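Following the working numbering, the numbering of the sequence shown begins with 152 at its first residue and continues without gaps.
Backbone N, C-alpha and C fix where the C-beta goes; we use that ideal spot for every residue, glycine too.
Since this is a predicted model, take the numbers as computed values, not measurements.
Everything below concerns the one structure shown next.
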Amino acid sequence: METLMDMNNKPYIGDDVVKIIMLQVLPGKEEDVAKFYTGHFEEYKKEKGHAFPYGIYKAFGQYDLFIVCSTPYYQYFLSRIGTIPYILKSNTVLCFPWNFPITNDNGSYHTLEEKLKKKVLGLTFIKIEPGLINERGISVEQELISKCFIRDDLSVLGGIGWNEIVLLVHSDTIGDVYKFLLNMCNSRKVREDAPYQYLLHKTLSFLSIDFSLVKGISDESSLQPLYDAFTEEIQEKFYPSFNITCYPEYLDELGKKGEDYFGKASYLLGSEDIRFDVMKGTWGKFIGNVYTFRRNNEGKIYSTAIVINQNCIECNSSCGTDSKTMQPMNKSVEIITLSADEIDSILKLHKEEVAKLLINTIYTFNGIIQNSIARDAFIDMLPFVRFVKDNAMIETKPTKLISSLVDRIIFGAQQRASSTFTAITDTEYRFSPFKGGIQRVLQAIELLPCKMLADFDSFWKGIVNAGDAKTYKADLVLLNIPMNCLFKPTKWWGLFHEIGHIVTYASKEFFDQDDDDVKVFLSRFSESHISWLKYEELLGEVLSDIYAYVFGFVLDIETNRKMVTSYLVDEPRAKSLNKDVLKSEKYLFRLHAVNLFHEAYRDNAFNELSDPKRIKHSIEGLINNDVYANFKKAIIGEYKEDKMDLYLSHFSYLLVYCNNKLSKYRELINDKKEYANSEEVDSILGQLKKGYVYEGEIKHPEVLIYRYTRDEINDYKSDIALIMTFWNIYIKQWSNHNTA
């Protein structure tokens, strides 16, 4: 097991979120948009009494503005300032900072705030070879950043979506930054002493300059600071192109006007209409001309883009390397086959529009998993898409169910597509709340169902989506986590109950409707006149409640009660939902049932569950428990002794059934309980609190979530360290089954 002594030479996670906001704006409106953001940052400083580091940059390429800021939270706080006009396209990439335990020659690193004062900012998204990631996990990126990126002019960030690393390159010279970016784009090894021969899968780079050097143009003299800052000459081997997409009626006019600024115009077929290759003058003059041209021709231009060209690549790339030694490890993925007979079967069993949507969805999904650049953003979905296809060919599966599952494929694919190489620049997935991607967080969460189902000899065939519903939710083999819980492992406990639904669905060892005991139990309820005692409301929910209490909260009833209270009562009140969920009889009943199970399990007294005195004593104890102070009145107001006794006398049979089924898992239950309070877990939590990713094995990942919840660990650095720890285990131990 790793210890803190082993951490001395490893990078660790820093304290704040780094957000990279990428904006394409209406030509001539850069300054208006920048003012909105600057005003918000100043308002935040006034409100909070302190500022956070930020920089605003004029971008080259498909974007017009970059905003880099370091904040203490992930939520999209900028939405508080209201709608920002003039933005055509936006992308917000969420990152975490990597820090290093060693220092440079001066004894310390410059802070991000100091680095953002440099005039030029280069931005590179790095995708590491997926084969290496699957084999070695997070150690690959840690070794890479430790050996190759220890430079004071770089900020090294971790990505949570498609890319593993984001580099910010800080300098006062365009040429220096561009040369570094070009080396990154064309080098397999990043540097000759890089730890692996074939390392980089893909990079995506941008260049930008401090926006304060170009804003506020009123006349030629306003651009003098820009001219003075970038006096280096543009040369033929390293030159920019300025591309314009415009209204057709202004094509000739803009071409002629542009020649006064940039030289000879070329007219294009495709998404862009005019191109100017600029091979003379200074970089400062060129940037000033771009800004002036866009502003003077507002209303005639849709958008512009700057492309930087180099005729001869001068970098320590892999040029001349024997291609036989540079073969990627990323293997092809077997597509989901769909034969003519299977298509015919799906069309016969379901409504035409649903059947066709499923078939087209499978075709589209097969396309994206064959894209070797973006494939691993979707690879966790393969078992689920196969599951949906197989169920669509079962005669007893209703069309409504298949339609719902297809919708979940589409939602999940769109959420994951937002993290890919193309979606960083394209607008196709612009409606995702996390446009920069959350794929690595989703994979971290998927470790929980993978491991918890494996304990019951079941195979996880589902996916985790975020924000598909406002609550924790399970739908057959699909899990949803509320968006506001995504980056907070202290809130992942809510998935314990939902995983319980999946376990009872997937494992006949735990629950089988054909079991004789279950048939007897259900037959008793068929004689009842209690309207809400249905299978979905009673059997499945309470089985899942008990599963969460036993296998998630490892028999810790107090933590279980506290979290359920918070979720069902405190949070709805805080959000002004004007309802106490526990005033509903079914929730009150479930709460009592878990309490009864806890007492019977603790005292080994399941034979006494039908005793009314014991039931009354349990309910009174529940009412008087301090954890329930916020809703004692609700419990007392709803409690009717005769009715509740009826419920619980019926329900005692189910609790006995659950205990009988759990008897074969006594060893697992005791092992989890012992592990939860072990020195090993204490040591792992100690590392996470310091921002170190734990790379060893974790016997029971769900126990770590329980301890996180019980101990109320709630700081950003620890949260991200746990997320990356879970992602590392998932990617090395569980992701390969998706390609089988």
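Across the structure, Ala625 and Ser695 are spaced so that their CA atoms are roughly 11 Å apart.
Considered as a whole, the region 291–319 harbours 305–310 as its complete beta strand (DSSP E) runs of no fewer than 3 residues, in chain order.
Counting C-beta pairs with one atom in each stretch, the region 809–821 and the region 701–716 have three or more that are closer than 8 Å, which means they touch. Around the beta carbon of Gln375, fewer than 16 other beta carbons sit within 10 angstroms, so the residue counts as exposed.
For a cut-off of 8 Å, the C-beta gap from Leu358 to Ile459 is around 7 Å, short enough to register as a contact. Judged by beta-carbon spacing, Ile385 lies within the 8 Å limit of Thr433, meaning their Cβ atoms are closer than that value. For Asn440, the secondary structure class from DSSP, reduced to helix, strand or coil, is helix. In the displayed model, His851 falls within coil according to three-state DSSP, outside both helix and strand. Taken through DSSP and simplified to helix, strand or coil, Pro236 comes out as coil. Counting only residues of its own chain and dropping the five nearest sequence neighbours on each side, Tyr843 has a CB closer than 7 Å to the CB of Met158, Lys161, Tyr163, Ala872. Segment contact: the region 379–399 against the region 237–248, fewer than three CB-CB distances shorter than 8 Å; contact not assigned. About 6 Å separates the Cβ atoms of Asn517 and Ile487, confirming a contact at the 8 Å cut-off. Here the alpha carbons of Tyr881 and Val168 stand approximately 23 Å from one another. Around the beta carbon of Arg858, 16 or more other beta carbons lie within 10 angstroms, which makes this residue buried. Contact between Leu332 and Gly273 holds, since their C-beta atoms are separated by about 5 Å, short of 8 Å. Put simply, of Val592, Pro281, Gly618, Ala506 the residue whose alpha carbon is nearest the alpha carbon of Leu552 is Ala506. DSSP assignment within the region 154–211 yields the following whole alpha helix (DSSP H) runs of 4 residues or more, N-terminal first: 181–199. In summary, Thr515 is exposed, with fewer than 16 beta-carbon neighbours lying within 10 Å of its beta-carbon over all protein chains present.
In the three-state DSSP reduction, Leu351 falls in the strand class (E or B). With distances taken between CA atoms, Ile614 lies nearest to Val592 out of Phe607, Leu177, Val592.
Counting C-beta pairs with one atom in each stretch, the region 490–504 and the region 419–433 have fewer than three that are closer than 8 Å, which means they do not touch. Remark: C-beta atoms of Met430 and Ile497 do not approach each other more closely than 8 Å. Beta-bridge partners of Lys764 (DSSP): none assigned. Out of Asp403, Gly439, Arg446, the CA that lies nearest to the CA of Arg426 is found in Asp403. A straight-line Cα-Cα distance of about 21 Å links Gln590 and Leu855.
With a beta-carbon spacing of about 7 Å, Met532 and Ala564 fall inside the 8 Å limit used to define contacts. The beta-bridge partner set that DSSP reports for Leu216 consists of Leu174, Lys209.
The count of Cβ pairs closer than 8 Å, one atom from the region 595–607 and one from the region 639–653, reaches three, so the stretches are in contact. Going by beta carbons, Lys841 and Ile864 fall outside the 8 Å limit.
Contact between the region 169–183 and the region 437–457 is present, with at least three C-beta pairs closer than 8 Å. For Thr275 against Thr324, the beta-carbon gap comes to about 17 Å, at or over 8 Å, which does not count as contact. Excluding residues up to 5 positions away in sequence, Asp606 lie with their Cβ nearer than 7 Å to the Cβ of Leu819 in the same chain. Under the rule that a run must span 4 or more residues, the alpha helix (DSSP H) segments found entirely inside the region 485–557 read 491–500, 503–520, 533–543. Listed in chain order, the non-local C-beta contacts of Arg567 below 6 Å within the same chain comprise Ala528, Phe529, Gln590, local neighbours out to five positions each way being set aside. The beta carbon of Ile171 sits closer than 6 Å to those of Val219, Val244, all from its chain and outside the five residues before and after it, given in chain order. Each residue's CA atom was taken as its position, placing Val271 and Ser869 some 32 Å apart.
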